[in-house]
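With numbering that gives the first Met the number 0, the residue at position 179 of the sequence shown is 178, and numbering never jumps.
From the three backbone atoms N, C-alpha and C, an ideal C-beta is built for every residue, glycine too.
Treat the numbers as computed from the prediction; the structure is a model and nothing was measured.
Worksheet: the structure to be examined is printed underneath.
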Amino acid sequence: MSILFVSGNAFSEEKQPSNLLSGLQQFNANFGQSEQELLPPDQAFKLTVRVRDANTLIAEFEPAKNYYLYRNKIAFKSQSVGTFLEKIVLPQGEIKNDPTFGKTEVYYKPFQAIISLRRDISATDQLILATTYQGCNEPIGVCYAPIDQVIQLTLPLIKATVGTAAEAPNNYAIATSTFEIAKPGVVEALPVSPIIATESNRIDEMFKSGNFWLILTGFFGMGLLLSFTPCVFPMFPILSGIIANKGQHITKTHGFILALTYVMGMALTYAIAGVAAGLSGSMLSAILQNIWVLGAFALVFVALAFSMFGFYEIQLPVSLQNKLSKETGQLKGGYLSSVFGMGALSALIVGPCVAAPLAGALLYISQTRDVILGGSALFTMAVGMGVPLLLLGASAGALLPKVGPWMESIKRFFGVLLLGMAIWLMSPVVSAVVFMLMWAALLIISAIYLHAVDSLPTGASGAKKFFKGIGIIALLIGIALLVGVLSGSRDILQPLSKINILNADVESVNRRNDGGEDRLIFRRVKSLIELDQYILQSKNKYIMLDFYADWCISCKEIERYTFTDSKVKSRLEDVVLLQVDVTAGTPDDTALLNRFKLFGPPGIIFIDRYGKEVPGAKIIGYQNKEEFLSMLNLILI
Numbered sequence: 000m001s002i003l004f005v006s007g008n009a010f011s012e013e014k015q016p017s018n019l020l021s022g023l024q025q026f027n028a029n030f031g032q033s034e035q036e037l038l039p040p041d042q043a044f045k046l047t048v049r050v051r052d053a054n055t056l057i058a059e060f061e062p063a064k065n066y067y068l069y070r071n072k073i074a075f076k077s078q079s080v081g082t083f084l085e086k087i088v089l090p091q092g093e094i095k096n097d098p099t100f101g102k103t104e105v106y107y108k109p110f111q112a113i114i115s116l117r118r119d120i121s122a123t124d125q126l127i128l129a130t131t132y133q134g135c136n137e138p139i140g141v142c143y144a145p146i147d148q149v150i151q152l153t154l155p156l157i158k159a160t161v162g163t164a165a166e167a168p169n170n171y172a173i174a175t176s177t178f179e180i181a182k183p184g185v186v187e188a189l190p191v192s193p194i195i196a197t198e199s200n201r202i203d204e205m206f207k208s209g210n211f212w213l214i215l216t217g218f219f220g221m222g223l224l225l226s227f228t229p230c231v232f233p234m235f236p237i238l239s240g241i242i243a244n245k246g247q248h249i250t251k252t253h254g255f256i257l258a259l260t261y262v263m264g265m266a267l268t269y270a271i272a273g274v275a276a277g278l279s280g281s282m283l284s285a286i287l288q289n290i291w292v293l294g295a296f297a298l299v300f301v302a303l304a305f306s307m308f309g310f311y312e313i314q315l316p317v318s319l320q321n322k323l324s325k326e327t328g329q330l331k332g333g334y335l336s337s338v339f340g341m342g343a344l345s346a347l348i349v350g351p352c353v354a355a356p357l358a359g360a361l362l363y364i365s366q367t368r369d370v371i372l373g374g375s376a377l378f379t380m381a382v383g384m385g386v387p388l389l390l391l392g393a394s395a396g397a398l399l400p401k402v403g404p405w406m407e408s409i410k411r412f413f414g415v416l417l418l419g420m421a422i423w424l425m426s427p428v429v430s431a432v433v434f435m436l437m438w439a440a441l442l443i444i445s446a447i448y449l450h451a452v453d454s455l456p457t458g459a460s461g462a463k464k465f466f467k468g469i470g471i472i473a474l475l476i477g478i479a480l481l482v483g484v485l486s487g488s489r490d491i492l493q494p495l496s497k498i499n500i501l502n503a504d505v506e507s508v509n510r511r512n513d514g515g516e517d518r519l520i521f522r523r524v525k526s527l528i529e530l531d532q533y534i535l536q537s538k539n540k541y542i543m544l545d546f547y548a549d550w551c552i553s554c555k556e557i558e559r560y561t562f563t564d565s566k567v568k569s570r571l572e573d574v575v576l577l578q579v580d581v582t583a584g585t586p587d588d589t590a591l592l593n594r595f596k597l598f599g600p601p602g603i604i605f606i607d608r609y610g611k612e613v614p615g616a617k618i619i620g621y622q623n624k625e626e627f628l629s630m631l632n633l634i635l636i
């Protein structure tokens, strides 16, 4: 990197040559650059300082496009008697591998420094503030000399004491000033925690590469991996039910067209909703997680299920049916517009959890406003998630029977699956008692239709014996759920854990799920003010901040399978555990998400012993106990 000494010094004793501009022109001419490519220091790095109150100043830096400022080169000093700079609060910057300074924090985007003042009785209302900062132009590779400015400010009367760390806004780190009156000071940043390599960081680096096709290929691959997560599993029975309805008319081609239409509805919705979320800072899918929307969508599933049971047939108007048939053949039960809409709704309502690739794309869109690249990445990721669905559609014509009683049995089977989907959809907004009772009713009634309580006729076929066995299993599970909920259990995976005859291990699991000693105990945080108070109170301790919602499947996975591991709990013994429940989606919830640049749960943030977020240690999406423990070992040093 070339070093160009372009100084905006306003209080240095050194005098600058009068022909600086001509020297700059000569320098650029020698290197094949035109003078228009470099801005004067005051335009390249705009600085505005304003008074917030009697004890606080706000310094607003605005680097021009393609310019950046060094965090460790920013310094302030009071030149007024009786007024001292007690704290400087700077946001965390981006880590840059600088050829001159090595790995260092820089700022490409506008940011604020919050300056806390201490004023004694000799202080006047006039403050002379000296500041120094330094930055570079990245494309040309030219660095400016340190820029010095002197700013005169009028302060109001003293009304409050010095600001505290609780005043620090989004993701800001506290840096302690060590200024002395006799000489210019330097902002002494507190120790920085090591940067942890996570999937979120790798996604950030992918976007920074700027390689369009590399980004799309990477997101397609990540979509393939996400297709086997619990947030995508529910889409399989939905699409299967659509294909199975009137399945005797489905060929391989028709099945693939239906699946492709469903996936396109899902992918376009992911892209559009993702771009909107990135620009607005809030997820539409999270807003839709309420009893009215989920209840309406569950009723759609119930209606589709009853159609498969033969109570009625759902059809489009004849005119539209004929129009669609010209292009796709007789696709009764799976018309393209309806299937496209079902894919769109599934993307918003069935899979609302935020995974690392989705969060990375949303953050990129929110920071750069590049909706083309961000939206394309999201669309490609959703297509990758839909590949197994496309395979399911393409194989449906070969796997499903064309005629005969088997087809009716297949339809009834998918009807039961859709009823199960309706129950699952309502889980975030109904109590555990209602949830378990609904599953018990579905299993017991299904078992009765499978002749679980009927005697087998003499010489019954193997198929009848098989389905009777399935019916008996469903009946037993349904009874276990019913007995369990009546005995006080609220755990659908351990319904009989309240019954004394069970062993101590099951009782231990139940204590964990009921909030007992085997479960990690989090303190709930409801606002930014509460969070800042906890950070102040937890000096010299690490903090783990967990973002959770009742409707988030991955959150519950982490709670059940990761946070209950004995090694994980042992590693977190000396860590302050805080949790933000964003189920309700209040303004305070949104403010907490925005502070850490999150768009929804699950998300886990680590704050070090100095009150700063551990760089690169943000966990988005599900991590199993081994991965999480490895992350803890890197962070808790």
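Selection R559, D531, N593 and D549 evaluated against L577 yields D531 as nearest (Cα-Cα). For the set I120, V141, G134 and L224, the Cα lying nearest the Cα of D147 is the one of G134.
Sixteen is the threshold: when 16 or more other Cβ atoms of the shown chains lie within 10 Å of the Cβ of V581, as they do, the residue is buried. Spanning the alpha carbons of L449 and F413 requires a straight line of approximately 14 angstroms. Between the alpha carbons of D545 and I604 lies a gap of roughly 7 angstroms. Here A421 is near A297, since their CB atoms are less than 8 angstroms apart.
The Cβ atoms of A270 and G374 sit closer than 8 angstroms to each other. As DSSP reads the structure, S115 sits in a beta bridge with T55 and K86. A129 is positioned such that its CB atom lies closer than 8 angstroms to that of Q78. In this structure I534 is in contact with I542, their Cβ atoms being roughly 7 angstroms apart against a cut-off of 8 angstroms.
Beta bridge pairing from DSSP links C135 with Y67 and C142. With 16 or more other Cβ atoms inside 10 Å of its own Cβ, A473 counts as buried.
Rounded to the nearest whole angstrom, the C-alpha separation of A459 and K467 is 11 angstroms.
Residue T82 holds the alpha-carbon nearest to the alpha-carbon of I127 among I618, T82, D97 and F255. Under the 10 Å beta carbon count, G342 is surrounded by 16 or more other beta carbons and is classified as buried. Judged by DSSP secondary structure, V575 falls within the beta strand (DSSP E) whose first and last residues are V575 to D580. Residue environment: S226 is assigned as buried (16 or more neighbouring CB atoms within 10 Å of its CB, all protein chains considered).
Closest in alpha carbon position to V105, among K45, K617 and K72, is K72.
Under the three-state reduction of DSSP, P586 is assigned to helix.
Boundaries for E626: no beta strand (DSSP E) harbours it, while the alpha helix (DSSP H) harbouring it runs K624 to I634, taken from the DSSP string. E104 carries a strand assignment under DSSP once its states are collapsed to helix, strand and coil.
A74 carries a strand assignment under DSSP once its states are collapsed to helix, strand and coil. The residues I290 and L293, in chain order, have a CB closer than 6 angstroms to that of V428 in the same chain once the five nearest residues on each side in sequence are set aside. No Cβ-Cβ contact shorter than 8 angstroms links I114 with A53. Here the alpha carbons of N539 and E612 stand approximately 13 angstroms from one another. Counting only residues of its own chain and dropping the five nearest sequence neighbours on each side, M384 has a CB closer than 7 angstroms to the CB of G222, L225, S226 and V231. Cβ contact annotation for N65 (same chain, cutoff 7 angstroms, sequence separation greater than five): N136, E137 and P138, in chain order. In the DSSP assignment, E93 falls within the beta strand (DSSP E) that extends over E93 to D97. Excluding the 5 residues flanking it on each side, V415 has same chain C-beta neighbours closer than 6 angstroms at S445, in chain order.
The C-alpha of L389 lies about 11 angstroms from the C-alpha of K251. With distances taken between CA atoms, W550 lies nearest to A583 out of V575, A583 and T563. Residue environment for Q151: exposed (fewer than 16 other C-beta atoms within 10 angstroms of its C-beta). Between the alpha carbons of I443 and L418 lies a distance of about 13 angstroms.
Taking C-alpha positions only, P109 is separated from F44 by approximately 9 angstroms. Counting along the chain, M384 sits inside the alpha helix (DSSP H) bounded by residues V370 to M384. Listed in chain order, the non-local C-beta contacts of F308 below 7 angstroms within the same chain comprise R411 and G414, local neighbours out to five positions each way being set aside.
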